[in-house]
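First residue of the sequence shown: 0, per numbering that gives the first Met the number 0; consecutive thereafter. The beta carbon of each residue, even a glycine, is placed where N, CA and C say it ideally should be. Comments concern the structure below.
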Amino acid sequence: MARSRGASGMGSTYKYKGATGKTLYRWQAVVPVDAEDPSGPRKRVTKGGYLSKKEAQLDLQAAIERVRVAAPALGSKRTFESYSRQWLEELDLAGSTKAGYLKIVRTHLNPNLGKMPLASIRSQDVKSLYARLRVTGRRDTKVPGGALAEGTVSKIHLVLSAILESAKDEDLLFSNPARHKSVKAPGQSRRSRAMDEIDQVLSKDQLTNLLKWIEEELGDDLYPLWNLIANTGLRRSEAIALIWACLLYTSD
Numbered sequence: 000m001a002r003s004r005g006a007s008g009m010g011s012t013y014k015y016k017g018a019t020g021k022t023l024y025r026w027q028a029v030v031p032v033d034a035e036d037p038s039g040p041r042k043r044v045t046k047g048g049y050l051s052k053k054e055a056q057l058d059l060q061a062a063i064e065r066v067r068v069a070a071p072a073l074g075s076k077r078t079f080e081s082y083s084r085q086w087l088e089e090l091d092l093a094g095s096t097k098a099g100y101l102k103i104v105r106t107h108l109n110p111n112l113g114k115m116p117l118a119s120i121r122s123q124d125v126k127s128l129y130a131r132l133r134v135t136g137r138r139d140t141k142v143p144g145g146a147l148a149e150g151t152v153s154k155i156h157l158v159l160s161a162i163l164e165s166a167k168d169e170d171l172l173f174s175n176p177a178r179h180k181s182v183k184a185p186g187q188s189r190r191s192r193a194m195d196e197i198d199q200v201l202s203k204d205q206l207t208n209l210l211k212w213i214e215e216e217l218g219d220d221l222y223p224l225w226n227l228i229a230n231t232g233l234r235r236s237e238a239i240a241l242i243w244a245c246l247l248y249t250s251d
C-alpha cells in the first residue's frame with residue numbers, strides 16, 4: 000500500500016480498493032484529541048473515498064491547517080441541510096427568485112445531501128446526485144420519479160455550487176466539490192452560462208464606458224432603458240413594464 004507524506008510529516012495519503020474494486024484514496028493524520036490542547040493526548044484520524052490522490056492531499060492539507068488553528072481536523076460537523084437553511088435566510092433576492100431556490104433545496108438537494116456533514120460531501124457525491132436526477136429526479140405530480148430535463152439539473156447545479164462556495168468562503172470547506180474538475184457541469188442555457196461566468200460581470204468603469212458608448216456613439220433610442228437597468232438593478236420584466244415617461248424622467 001503506497002503512501003505519500005503530507006505537510007511537515009503530520010499525515011499521509013494512500014490508495015486502496017473500494018467495495019466495487021475501484022481504486023480510491025484516503026488520508027490519515029495524527030492529531031490532538033482536544034483541538035484546543037495541541038500538547039495533549041493524540042489520536043489517529045482518517046478519511047477516505049477520494050477519486051484522486053490530489054483530492055485526498057488537498058483535504059489532508061485542509062485538516063492540517065484546521066489543527067494549526069485549534070479546530071477539529073475533520074472539519075465542521077454541520078450538515079448540508081442546516082447550512083442551506085442559513086444560506087437561504089441570508090439571500091437578498093426578489094421573492095420569486097428566492098422561492099425558486101428554496102424549492103430546489105427542499106425538493107432535490109436536502110433529500111439527497113441534507114443529512115451529510117458539509118465536510119463529508121465529495122465530488123463523487125455530486126456526480127452521483129446529478130446521475131440520479133437525470134434518471135429519477137422528477138418530483139411533480141405529473142411524472143413522479145421520471146427523468147429531469149438537463150436544464151433543470153443545470154439550475155440545481157448552480158444552486159448547489161453557490162451554497163458550497165459560500166460554505167468555503169466561511170472556511171467550513173477547503174474546496175468546493177461541485178466545482179472539482181472531475182465534475183462535469185450539466186448542460187446550461189445561454190442565460191445560465193452567462194450567470195455562471197464571472198467574466199460576464201462588468202466593472203464600474205466598464206459599465207460607465209459602455210453606457211457612454213450606447214448614448215454618444217451608438218445613439219441608441221433605448222439608452223434611457225439601459226441606463227435605468229444599469230443603475231437600479233431592475234429585472235428585464237420590471238424594466239419593460241415601465242412607460243417612456245418614467246424612463247425619460249429617470250435619465251435626467
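Own chain residues within Cβ distance below 7 Å of residue i, not counting five before or after
i: residue 41; result: 29, 30, 31 and 32
i: residue 83; result: 104, 108, 109 and 162
i: residue 133; result: 146, 147 and 152
i: residue 143; result: 137
Spatial neighbours of residue i in its chain, beta-carbon cut-off 8 Å, leaving aside the 5 residues before and after
i: residue 228; result: 235 and 238
i: residue 219; result: 213 and 225
i: residue 76; result: 116 and 118
Beta-bridge pairing of residue i - partner residues as DSSP gives them
i: residue 27; result: 11 and 45
i: residue 16; result: 22
Three-way DSSP call (helix, strand, coil) for residue i in this model
i: residue 189; result: Note on residue 189: pLDDT 45, under 50, position unreliable in the model; the coordinate value appears next. Here residue 189 sits in helix by DSSP.
i: residue 155; result: helix
i: residue 40; result: coil
i: residue 234; result: coil
i: residue 175; result: coil
i: residue 134; result: helix
i: residue 51; result: coil
i: residue 143; result: coil
i: residue 240; result: coil
i: residue 218; result: coil
i: residue 169; result: coil
Contact set for residue i: own chain, Cβ-Cβ below 6 Å, skip 5 residues either direction
i: residue 164; result: 175
i: residue 138; result: 106
i: residue 90; result: 97
field: Any alpha helix (DSSP H) of 4 or more consecutive residues that is wholly inside the segment 63 to 126
entry: With a minimum length of 4 residues, the continuous alpha helix (DSSP H) runs that stay inside the segment 63 to 126 are 79 to 89, 94 to 103 and 109 to 112.
Inter-stretch contact (C-beta, 8 Å, three-pair minimum) for the segment 47 to 59 and the segment 172 to 183: The segment 47 to 59 vs the segment 172 to 183: in contact.
query: Counting pairs of Cβ atoms below 8 Å between the segment 201 to 215 and the segment 83 to 102, do you hit three or more?
result: At 8 Å Cβ cutoff, the stretches do not touch.
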